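K.L.:
Numbering (my numbering), first residue to last: -14 to 221.
Structure, rendered in structure tokens:
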């Protein structure tokens, strides 16, 4: 299927980066010091308004976990194929650190290594991964609070990222779904969109059940992305 595809999209989720030691959202929110907190309280506009210090402390922990992580074999395999479009639900920068051109990666849920204005001015800036602190900072443009540049519960996806993802799915011959259960909407609908447009669907997931995926996947490869993708993508 891949050998005859002129347009391939890799659609990745938390499982891709979990192999590098980045906790999934639910794991991060239900472990260690954070077990007593509702995840929605840690990742929502309402939670940030009620207790910004708490939210920033949690994100400082998540940012440190991402900073400690290194790209795995799956990230590197994707980086070695510049012909493959990359759409990810992950907020880390492991694809970029593996060598992917940043302009090639569509981050549907934002970037944890950036801050943005919580007001309406649109300011966004990178953080220094060597100096991760949980402190309130103000937007240099308008004075509103800065917050992690990620999508929280109840927020819309970034319009530009969504439009790019939809365009990629519409033009895809094959979509490789990597490390995602397809349960997070509206991003999960992208695979259905691609299939409706005629794309073949390849699922790479160690927990994938071929019977559960038979209605929306043409090929199901049960295995870790770091083991499956290097072999899958090594051909022409």
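By construction, the Cβ of each residue, glycine as well, lies at the ideal position given by its N, Cα and C atoms.
Small disclaimer: the values here were computed from a predicted structure and weren't measured.
1) Suppose contacts are defined by Cβ-Cβ distances below 8 angstroms. Is residue 101 in contact with residue 134 by that definition?
2) Tell me the rounded alpha-carbon separation between residue 148 and residue 92.
3) Use the C-beta contact count for residue 172: other C-beta atoms within 10 angstroms, 16 or more gives buried, fewer gives exposed.
4) For residue -14 and residue 163, which I take to be in contact (beta-carbon distance under 8 angstroms), what is that distance rounded to the nearest angstrom?
5) Since residue 40 and residue 97 are thought to touch, with beta carbons under 8 angstroms apart, how far apart are those beta carbons, to the nearest angstrom?
6) In three-state terms, what does DSSP make of residue 9?
7) Can you check DSSP and say which residues form a bridge with residue 99?
8) As a quick exercise: from 22, 58, 137 and 77, pick the residue whose alpha carbon is nearest that of residue 111.
9) Are residue 184 and residue 159 touching if we call contact CB-CB under 8 angstroms?
10) State yes or no: is the C-beta of residue 90 within less than 8 angstroms of the C-beta of residue -4?
11) With a threshold of 6 angstroms on Cβ separation, who are the neighbours of residue 206 within its own chain once the five nearest residues in sequence on each side are excluded?
12) Quick check on the DSSP output: what are the complete beta strand (DSSP E) runs of length 3 or more inside the segment 110 to 145, in order along the chain?
13) Excluding the 5 residues flanking residue 32 on each side, which residues of the same chain have their C-beta closer than 6 angstroms to its C-beta?
14) Starting from residue 104, follow the alpha helix (DSSP H) in both directions and report where the run begins and ends.
15) Just checking my contact of residue 81 with residue 210 at CB under 8 angstroms: how many whole Å lie between their CB atoms?
16) How would you write the range of the alpha helix (DSSP H) that residue 175 sits in, first residue to last?
17) Judging by CA-CA distance, which residue of 69, 105 and 103 is the nearest neighbour of residue 88?
18) Quick one: Cα of residue 244 to Cα of residue 181, how far?
19) Quick test of your reading: residue 53 and residue 104, contact by CB under 8 angstroms. State the CB separation rounded to the nearest angstrom.
20) Between the beta-carbon of residue 126 and the beta-carbon of residue 108, is there less than 8 angstroms?
21) Output the boundary residues of the alpha helix (DSSP H) element that contains residue 40.
22) Going by the CB atoms, is the gap between residue 10 and residue 30 shorter than 8 angstroms?
P.N.:
The relevant details are as follows:
1) Their beta carbons are under 8 angstroms apart, which means residue 101 touches residue 134 by this criterion.
2) Going by the C-alpha atoms only, they are around 11 angstroms apart.
3) Here residue 172 is buried, its C-beta having at least 16 other C-beta atoms within 10 Å.
4) Not a contact, Cβ separation roughly 15 angstroms.
5) Not confirmed; about 13 angstroms, so no contact.
6) In this structure, DSSP gives residue 9 a state outside helix and strand, which the three-state scheme calls coil.
7) Residue 99 pairs with 111.
8) It is 77.
9) Yes.
10) One thing to note: residue 90 has its Cβ no nearer than 8 angstroms to the Cβ of residue -4.
11) If we look at residue 206 and ignore the five residues flanking it on each side, its Cβ neighbours are 189 and 213.
12) Fully enclosed beta strand (DSSP E) runs of 3 or longer: 131 to 135.
13) Answer for residue 32: 26 and 40, listed in chain order.
14) In the DSSP assignment, residue 104 falls outside any alpha helix (DSSP H) and carries neither an H nor an E.
15) Not confirmed; about 17 angstroms, so no contact.
16) Looking at the DSSP string, the run of the alpha helix (DSSP H) that includes residue 175 is 174 to 181.
17) The option with the nearest alpha carbon to residue 88 is 69.
18) Look at the range of the chain in this structure, -14 to 221, and you will see that residue 244 is not part of it.
19) Your pair residue 53 and residue 104 does not check out as a contact, with CB atoms roughly 31 angstroms apart and the cut at 8 angstroms.
20) Taking 8 angstroms as the Cβ cut-off, residue 126 and residue 108 qualify as a contacting pair.
21) It spans 37 to 53 - the alpha helix (DSSP H) in which residue 40 sits, taken as one unbroken run.
22) Taking a C-beta distance under 8 angstroms as the contact criterion, residue 30 and residue 10 do not qualify as a contact pair.
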